[in-house]
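The block underneath contains the structure these notes are about, expressed in structure tokens.
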Amino acid sequence: MTEHPILFNAEMVRAVLDGRKTQTRRVMKPQPSNFPKEINPYNGDYEHFTGWDGLKMCNGETGNIKNTCHWSCPYGVPGDRLWVRETTAEDVIGSQSHTRYVADNHGRAIEWQHARPVCPSIFMRREASRILLEVTEVRVERVQDISEYDCREEGIQLEQCPACGYTSKDASIHLDHALCKGAGFPNDREVYKNLWDSINGEKPGRSWNANPWVWAVNFKVVK
């Protein structure tokens with residue numbers, strides 16, 4: 006078992022703490038070329054994934070070195086653990102140093118030699134992490150391959166109609182309801198698309214429309 010750090014923004018942290026989020030998708034680096042038609046686990050140990058064009062293993066660029074298309078997941082394999090990095094603030098209350106988690110304003114006492122008023126998630130120290138996840142599955146897919154179910158596992162909350170109270174899960178009932186008069190609302194994939202672009206949309210090759218290859222990682226919270 007190996008531990009890996011992973012960055013979560015405040016919205017993702019709240020979704021994990023609420024039990025709504027059990028998946029995350031992260032852009033593969035470097036991106037496979039457009040040559041692979043599919044990418045599957047290279048072996049049963051999940052040590053590598055490989056790109057295939059039909060029955061033929063693809064070749065492609067890995068950094069500046071021409072090589073066979075193998076990728077190892079930086080977030081580990083099933084059984085590995087992820088410690089979540091999130092934004093915190095480090096204060097001194099009385100004579101005791103204190104860490105506050107920005108996502109929900111919860112805090113705990115941690116002794117720091119040099120407290121930092123605001124600590125971005127990228128700089129979070131391991132001992133300050135409060136969320137530990139166990140990887141249960143790793144897949145490689147295009148971001149647009151995400152299903153409605155997986156959108157909800159990503160923490161997307163069902164849209165709710167203010168008139169009838171039905172959610173997007175009950176779309177057919179909602180559209181037939183007299184109060185709604187056929188009014189629509191975004192489905193879960195559209196909501197996830199907007200969330201994805203809010204995080205990745207301005208980065209070259211990472212937008213929803215660019216449809217990048219992603220690591221799709223399932224996890225559970227370690228109690």
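If you want the working numbering, it's the position in the sequence shown, counting the first as 1, plus 5. Beta carbons are placed, not taken as given, at the ideal position from N, Cα and C, and that holds for glycine. From a predicted model like this one, the values you see are computed outputs, not experimental measurements.
>> Which same chain residues end up closer than 7 Å to R19 when comparing Cβ atoms and leaving out the 5 residues on each side of it in sequence?
In response: Counting from one through the sequence shown, the residue named residue 19 turns up at place 14. Taking C-beta separations shorter than 7 Å and ignoring five residues to either side along the sequence, the partners of R19 in its chain run A108 and D109, following chain order.
>> Starting from V107, trace the beta strand (DSSP E) in both directions and tell me its first and last residue.
In response: In the sequence shown, the residue the question calls residue 107 occupies position 102. Secondary structure note for V107: it is in no beta strand (DSSP E), with a DSSP letter that is neither H nor E.
> Helix or strand or just coil, what does DSSP make of R90?
Replying inline: Taking the sequence shown and counting its residues from 1, the one referred to as residue 90 is at position 85. Note: R90 maps to strand in three-state DSSP.
> Going by Cα to Cα distance, which pick from E16, R30, E8 and M6 is closest to E146?
Replying inline: By 1-based counting over the sequence shown, the position of residue 146 is 141. The shortest CA-to-CA distance from E146 to any of E16, R30, E8 and M6 is the one to R30.
> In chain order, what residues of the same chain lie with their CB nearer than 6 Å to the CB of I161, ignoring the 5 residues before and after it?
Replying inline: Along the sequence shown, one-based indexing puts residue 161 at 156. Exclusion of the five residues before and after I161 leaves D193, V196 and Y197 as the residues of its chain whose Cβ lies within less than 6 Å of its Cβ.
> Alpha carbon to alpha carbon, how far is V32 from W88?
Replying inline: Position 27 of the sequence shown, counting from 1, holds the residue named residue 32. Position 83 of the sequence shown, counting from 1, holds the residue named residue 88. Each residue's alpha carbon lies about 19 Å from the other.
>> Tell me the residue span of the alpha helix (DSSP H) that contains V140.
In response: The residue labelled residue 140 in the question sits at position 135 within the sequence shown. Judged by DSSP secondary structure, V140 falls outside any alpha helix (DSSP H) and instead within the beta strand (DSSP E) spanning L137 to R147.
>> I'd like the list of long-range same chain contacts for Q149, defined as Cβ closer than 8 Å, with 5 residues on each side in sequence excluded.
In response: Along the sequence shown, read from residue 1 onward, the residue named residue 149 stands at position 144. Around Q149: W213 and N216.
> V143: buried (16+ other C-beta within 10 angstroms of its C-beta) or exposed?
Replying inline: Within the sequence shown, residue 143 is the residue found at index 138, counting from 1. Flag for V143 reads buried.
>> Within 10 Å of its beta-carbon, does S126 have 16 or more other beta-carbons around it, so buried, or fewer, so exposed?
In response: Along the sequence shown, read from residue 1 onward, the residue named residue 126 stands at position 121. Flag for S126 reads buried.
> Do F54 and T141 have their C-beta atoms within less than 8 Å of each other?
Replying inline: On the sequence shown, residue 54 is found 49 positions in, with the first residue counted as 1. On the sequence shown, residue 141 is found 136 positions in, with the first residue counted as 1. At a Cβ-Cβ threshold of 8 Å, F54 and T141 do not count as neighbours.
> Between the Cα of C124 and the Cα atoms of S102, A114, E91 and V97, which residue gives the shortest distance?
Replying inline: Here residue 124 is taken as the residue at index 119 of the sequence shown, counted from 1. The shortest C-alpha separation from C124 is found at E91.
> Which residues mark the beginning and the end of the beta strand (DSSP E) in which V226 is found?
Replying inline: Taking the first residue of the sequence shown as position 1, residue 226 is located at position 221. For V226, the uninterrupted beta strand (DSSP E) segment begins and ends at W218 to V226.
>> Can you tell me where the beta strand (DSSP E) holding R31 begins and where it ends?
In response: The residue given as residue 31 occupies position 26 in the sequence shown. Element bounds for R31: Q28 to V32.
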